[in-house]
Each structure stands twice: as structure tokens, then as C-alpha cells.
Amino acid sequence: MFALVDANNFYASCERLFRPDLAGKPIIVLSNNDGCVVARSNEAKALGIDMAIPYFKVKQCCYQHQVHVFSSNYTLYGDLSARVMTLLEMGCPNIEVYSIDEAFLQVDDQSFDGLIPWAEKQQQIIKQHVGIPVSIGIGKTKTLAKVANHIAKTILRQPVCLLDQPEQWLSRIPVDEVWGIGKRWGRKLQALGIINAQQLANTPYDYLRKHFNVVLARTALELQGQSCLALEAMSEPKKNIVASKSFGQKQIDFTPIAQALSTHCARACEKLRTQSGVANYLHVSLKTNRFSDQLQYHPHMGIKLPIATDDSRMVIAYAKKILGCLYKPGFKYHKVGVMLGDIHPRVFKQNSLLSSSQPMSQDSEPLMAMLDQINRRYGRHQIYLAAMGMQKQTWKMQSNRKSPAYTTCWQSLAKVY
DNA sequence: TCTGGGGTCCTAGGACCC
DNA sequence: TCTGGGGTCCTAGGACCC
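Written out as C-alpha cells, the structure is:
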């Protein structure tokens, strides 16, 4: 049996945790750059504020109903997430951390009768020790556990749902609510007369294989109770690492864009080093605002690096060369990003056969290790590369409503009077 | 009139997830 | 005025190999 534990309105719940005065009040959390709504408390949902809607479209509504609006605070959410996951692991060692607010647990079906009390206990422990409300769905497969979680949250409105008789529920679940069915496939399935989850479960494998692909055919098997997706307890190293962000203000000149790109490169390399990887491929993309009616330009270019690397300096140097090819004056740029690809473990790093000069190779490893160590100990960007810019930076993202880092910074500890 | 069989690797694009 | 960021997997088609 699988259990899916999913925090309720996770980011909104995190914000409320240190603001007990906001109990029962509507809260929303915005994406980076205060762009879109990415989390809503139940009270905010009740006001009709949709998920992923641009903030400017609901600003007036928020003002009217005194909705409390927060910029996203990933330091806080990440820390609280880790606490929740630690408690879950104590309750069940077979755990797959699926996202910042979700985990699959594989539980022994010998204790079938005990599953509901066990799940209720997990939920209560998390509520007591961290203060975050979670819902737990239990089923024979991961997909059924997801369905059970959905039922717990939206139909039963209880913390726990054990789906022991799925056929009694599946016909009530719209097909596009099923995990793995997005907007496009939902529409296509409906056009084929497959409206609910039970109908999808009844659709023959070969039919789905022919009209869609193997992924959807497996989803149907999972709905029938045949497990196709295993628990993935070990998190695999990333195959690609992306770092990109929209600018706080539109950018026209090369220099600030290059500084933003350098900052993204440094962050991508830092992530790469934490997984002890080296990248062979580097991709840079530049974009104008796709929602604007101004002239659009979306150039991008990838190169194979001459030698696999995790050195921020080398990646920045090549990325800036690529940017030099992509950049054209006369556009209002909205976003720049970098992707590191073809990533391998550093221990398998392949040196060049022909080139004897490998700049930066001697001091690279200790220097980058020291950079990471200092920034981990004394805080982000305590030391950084000059390419990232030292003046006031207009490309930096907007984040005007961010709460304190209550749990990770001594200066931000809550004060009680 | 007649032109093999069986593979791998790479890339772009499309779908999905949170 | 203002529209996020970071991933994975699958498929088809092209190029190449013997």
C-alpha cells in the first residue's frame, strides 16, 4: 500500500504558522517577482482567487477583502518541509520525498486494519510538532493514493482517506483530476468519451498505448490497482540544472543582463557542486516578455564545453560569450537563464586528450570548495564573483512582501512580548 | 524486373509534474 | 504597469554504424 502525505495549502500554512493573528483570515503567496498566485488559504480560495492567476488581476479583490499577501519565502518553506519529512521518516522509513510539500510512503499491507489509525497519528504528530496541517491518502498504487488524497481534501474534508474500494469512488473523479493527466490529455480523453477516472481505468491498455503513450497506459493500470510506479526512495542526481529568473524591471543593456546571467551561472554551479557533478553542456536563453505586444525575440544557444566543469568562473566566461552572440540591442528583455546539461559525477571527469593547457584546473577545486564553505557558513553572497555586478541592480527580482526567515536566521527569530 | 536487416545515438518538440 | 521556476519522460525523425 502507498500513502501520499500532502500538506494543505503548504506555503500559506507556513506563513500562518508564525502569524497566529492570521488564523481564519485569507492568505495568498506569490511566485517569484510577485508575479502569480501560487498558494491560497481556504479563505482565499473561497473568495474565488484562482491558482496561478497573475497577481495584478486579483489585486483589487485582495485589497477589498483584506487578503494578506506574501512574497514567496523559500528559505522558510524549505526548512519547514525538512521538519515534516523528518517526522514522516520516523513514522515510516520507506519514504520518497516527492516535492516540497508531498511524500509517498510505502506501508505494509499486513497491517491493513491499522492503516487509518496509523495515518491519523502521523497527521497529529506533524500538527503538534511542526504545526502544518497535512492530508493523507492511502491506496494500492501511487495513483490511487493520489486519488485518495484528493478525496480526503475535497470530498470528505477529513485528514485521512483509505481507498479500499476504489470502484465506489472513481466514477466521481473527473479524468483530468487524475495524477498524470494534464489539460491537453484531459481534453483529448473527454473527446474520446472518457470522462471520469473509472472510464479511464476500464480503457484497454493497447488503445491508450496507440492513441497516447506508455505513460498514460500505465496510469490506467494504476487506477485498476496494478502498481507500475515504484517508490523511489533514493533521489537521483539531476541530469539538468536550470537557473533562470525574470528581471525585476525590463532590461535593455548588455551589462546588467550579463550580470544577471553570471549570477544564475554561479547558482547553477553551486547546485552542481552539491551533487558532486560536472557539466559538459551549457545552454543560455534570453527572452522578451511573451505577454507584451512589443516585438518578440527569444534567442537561445547551447554549446558542448571543451572540458567538463563545475567551476563558476569557466561557466560564466562561456555563458557571457554565448550571450554576446544572442544579445541584440533594441529589445526590452524580460528574462535570462542558463542550463547545465550532460552532467556526470565528478569522479568520472574526462580530461582532454589534445589540450595540455587547462586553465583554472589547478586551483579550481579548492577555490570553489572554499567559496561554497564561506557562503554556507556566513550567508549567501558573502563572497561572489565580480561578474555578478556590484552596483545597484535593477534586474533583481521584486519581493516586497516577504516574511522573515523565522527558523533559519538569528536576527529573524520571533519576539514574544 | 530487380535494391537487406538490425541496430544506436542525438535532437526537438510535446506532454506531464510540483 | 504588473503574467514563476525547475524538473522528467516519451516519441518521431534523421543520421549514422555494420
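All you need for our numbering is the position in the first sequence, starting with 1, plus 143. Backbone N, C-alpha and C fix where the C-beta goes; we use that ideal spot for every residue, glycine too. These numbers were taken from a predicted model, which means no experiment stands behind them.
Enclosing beta strand (DSSP E) for residue i [first to last residue]
| i | result |
| --- | --- |
| V427 | G420 to T431 |
| V212 | H211 to F213 |
| S387 | I384 to Q394 |
| M482 | Y476 to P488 |
Counterpart residues of residue i in DSSP-defined beta bridges
| i | result |
| --- | --- |
| P317 | N339 |
| G282 | F145 |
| M444 | V427 |
| L173 | V180 |
| L305 | I281 |
| E134 | Lying outside 144 to 560, the shown extent of the chain, residue 134 is not represented and no answer is given. |
| T452 | A422 |
Residue i and residue j closer than 8 Å at C-beta
| i | j | result |
| --- | --- | --- |
| C204 | L190 | yes |
| F213 | I170 | yes |
| T550 | D164 | no |
| L147 | F247 | yes |
| V357 | A340 | no |
| V227 | I269 | yes |
| E158 | V181 | no |
| M540 | K381 | no |
| T286 | E413 | no |
| A373 | A411 | no |
| L528 | R456 | yes |
| T537 | Y476 | no |
| I243 | S224 | yes |
| I384 | M233 | no |
| G329 | V318 | yes |
| I275 | S435 | no |
| P472 | G420 | no |
| A451 | Q493 | yes |
| I279 | H293 | no |
| V277 | D149 | yes |
| A360 | Y348 | yes |
| F145 | Q301 | no |
| T284 | G323 | no |
| K478 | F390 | yes |
Endpoints, the alpha helix (DSSP H) within which residue i is located
| i | result |
| --- | --- |
| I238 | Looking at the DSSP string, I238 is not in any alpha helix (DSSP H); the run it does join, the beta strand (DSSP E), is I238 to S242. |
| I275 | Run containing I275: none; DSSP gives neither H nor E here. |
| T417 | F397 to T417 |
| L469 | S455 to L469 |
| R159 | F153 to L160 |
| E310 | Counting along the chain, E310 falls outside any alpha helix (DSSP H), and DSSP gives it neither H nor E. |
| E365 | V357 to Q367 |
| C204 | Y198 to Q207 |
| H524 | Taken as a continuous stretch (DSSP letters only), H524 belongs to no alpha helix (DSSP H), as it is neither H nor E. |
| A376 | Looking at the DSSP string, A376 is not in any alpha helix (DSSP H), and its letter there is neither H nor E. |
| S224 | Y217 to G234 |
Rounded Cβ spacing between residue i and residue j (contact assumed at less than 8 Å)
| i | j | result |
| --- | --- | --- |
| N216 | A548 | 7 Å |
| A422 | L415 | 6 Å |
| I338 | S405 | The pair is not a contact, with the Cβ atoms about 51 Å apart (cut-off 8 Å). |
| K296 | N185 | 10 Å between Cβ atoms; not a contact. |
| L425 | Y461 | 6 Å |
| V290 | G282 | 6 Å |
| L469 | P442 | 4 Å |
| Q505 | I517 | Between I517 and Q505 the Cβ distance is about 20 Å, and since that is not below 8 Å, they are no contact. |
| F153 | Y220 | 7 Å |
beta-carbon residue i near the ligand FMN non-hydrogen atom, thresh 7 Å
| i | result |
| --- | --- |
| G445 | The ligand FMN is absent from the structure shown, which contains no ligand whatsoever. |
* **At least three beta-carbon pairs within less than 8 Å, the segment 263 to 270 to the segment 398 to 410** => No: fewer than three Cβ pairs fall under 8 Å.
* Determine, using beta-carbon pairs with one atom in the segment 438 to 448 and one in the segment 340 to 353, whether at least three such pairs fall under 8 Å. => Cβ pair count under 8 Å is below three, so no.
* To do: Determine, using beta-carbon pairs with one atom in the segment 365 to 374 and one in the segment 308 to 325, whether at least three such pairs fall under 8 Å.
  => The segment 365 to 374 is in contact with the segment 308 to 325.
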